[in-house]
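Visitor: All residue numbers for the sequence shown refer to my numbering, where the first residue is 13 and numbers rise by one. In this text, a Cβ means the ideal position worked out from N, Cα and C, and glycines have one as well. On a predicted model such as this, the values are computed, not experimentally measured, just so you know.
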Amino acid sequence: MTETTTRPAAIDRLYVLNAGIAVAPDRSVYSPGRWQGEPVTLTCNAYLIRRAGEWILWDTGIDDAVAAESGGRVIAHNIRGIVVRTIACQLADIGIAPADVSRVILSHAHFDHVGNAKLFRHATWHIQRREYDAMFGPDYQQYGYAPELYADLKQARVELMDGDCDPFGDGAIKVISTPGHTLGHCSLLVRLAKTGPVLLSGDVAHDSYNMEHRCVPTMNADAEATRQSMARVDALVREERAQLWLNHDTVQTATIPHAPAYFD
Ligand SMILES: [Zn+2]
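1. What residue from Cys56, Gln153, Ser213 has the CA that sits closest to Asp75's CA?
2. Am I right that Thr136 and Glu171 are in contact with their C-beta atoms under 8 Å? What's the rounded C-beta distance?
3. In terms of alpha-carbon separation, which member of Leu26, Thr72, Arg25 lies closest to Phe132?
4. Quick check: does the Cβ of His281 come within less than 7 Å of any heavy atom belonging to ligand 1?
5. For Pro191, does the count of other Cβ atoms within 10 angstroms reach 16, so buried, or fall short, so exposed?
6. Please determine whether the Cβ atom of Asn232 lies at a distance below 7 Å from any heavy atom of ligand 3.
7. Which of the three DSSP states is assigned to Met173 in this structure?
8. Quick check: the segment 243-263 against the segment 60-69, are there 3 or more CB pairs under 8 Å?
9. Alpha carbon to alpha carbon, how far is Leu69 from Ala273? Give it in angstroms, no decimals.
10. For the segment 195-212 against the segment 160-171, are there 3 or more C-beta pairs whose distance is under 8 Å?
11. Measure from the alpha carbon of Thr267 to the alpha carbon of each residue in Pro20, Tyr157, Ala22, Val28, then state which is nearest.
12. Going by DSSP in three states, Pro209 sits in which element: helix, strand or coil?
13. Using a Cβ-Cβ cut-off of 7 Å (strictly less than) and excluding sequence neighbours within five positions of Thr14, which residues of its own chain qualify?
14. DSSP beta-bridge partners for Arg57?
15. Considering only residues of the same chain and omitting the five flanking positions on each side of Leu195, which have a CB-CB separation below 6 Å?
16. Around the Cβ of Asn90, are there at least 16 other Cβ atoms within 10 angstroms (buried) or fewer (exposed)?
17. Asp219 and His260: beta carbons closer than 8 Å?
18. Please confirm whether any heavy atom of ligand 1 lies closer than 7 Å to the CB of Asn30.
19. Going by DSSP, name the residue or residues bridged to Phe275.
20. Quick one, are the C-beta atoms of Ala31 and Asp105 less than 8 Å apart?
21. Compare the beta carbon distance of Gly93 and Gly83 with 8 Å and say whether it is the shorter of the two.
22. Are there any heavy atoms of ligand 1 lying less than 7 Å away from the beta-carbon of His138, as far as the coordinates show?
23. Does the separation of the CB atoms of Ile185 and Leu204 fall below 8 Å?
24. Is Gln167 helix, strand or coil when you go by DSSP?
25. By a C-beta neighbour count over all protein chains shown, 10 Å radius and 16 as the cutoff for buried, is Ala34 buried or exposed?
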């Protein structure tokens, strides 16, 4: 057996994109019983993957159009979205256009993750079936979705996923089912040759305090499933010796180099 067959498959590059800022008026929404009435600022990230000549996006951030509005815009859940630098500009810094992204894998459909769906309507979208059904079902408001942001996805190529999945069949990118925050919420495990495995956990927890203390945000669709997903993420991080990147953790985000820098 040659060395290459024993080494796990890896993606080529991982770029972290600044996907905007979310300002919420009451931090206790994310950690019930603590920080009542205190405003909180959450960083948002999207992640660009280069794999075998293909550009793949994990989430799309807050709508680029918000960049034109000084002070941002209250979009959903009483949360204000602010865009400092658009996703399109950050792709241009890397030397690509939105049209070069051929696939988007979606953690879930809240505005800070699906906001730029129309920029990538030509791409193939990988969405959990339970998430897709909630996005286009009658109860979208109850889940805090803003359907105008993803109306274009009705015409897009969508590959529906049912739980865990390995979309390229080589283990370099694994979709991990982590429901609770929304019904079809999922996380992404990516493998890099030098950096090693990184678990992009979406909104399983909004920051490390909430992860550690198993805080379930009041907006979550299923509290028990949220706690189970947190436990699953913890176990997977240990088992894979992976780095855990929490999308909205402002302190951690400040320590992770963003595009055009990349991980390989
Ligand atoms: Zn989010």
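Guide: Once the coordinates are examined:
1. Cys56
2. 6 Å
3. Thr72
4. Not covered by the structure: residue 281. The range shown for the chain is 13 to 276.
5. Taking all protein chains in view, the Cβ of Pro191 is crowded by 16 or more other Cβ atoms within 10 Å, so the residue is classified as buried.
6. Ligand 3 is absent from the structure shown, which contains only ligand 1.
7. Met173 falls in the strand class under three-state DSSP.
8. no
9. Cα to Cα, Ala273 sits roughly 16 Å from Leu69.
10. Judged by Cβ distances under 8 Å, the segment 195-212 makes no contact with the segment 160-171, as fewer than three pairs qualify.
11. Answer by Cα proximity: Val28.
12. strand
13. For Thr14, the predicted model reports a pLDDT of 49, less than 50, meaning its position is unreliable and no value from the coordinates is stated.
14. Checking the displayed sequence, the identity of residue 57 turns out to be Asn instead of Arg. According to DSSP, which records beta bridges pairwise, Asn57 is partnered with Asn30.
15. Arg142, Ala146, Ala233
16. So Asn90 counts as exposed.
17. yes
18. no
19. Leu26
20. no
21. no
22. no
23. In this structure, Ile185 sits away from Leu204, with a CB-CB distance that is not shorter than 8 Å.
24. coil
25. buried
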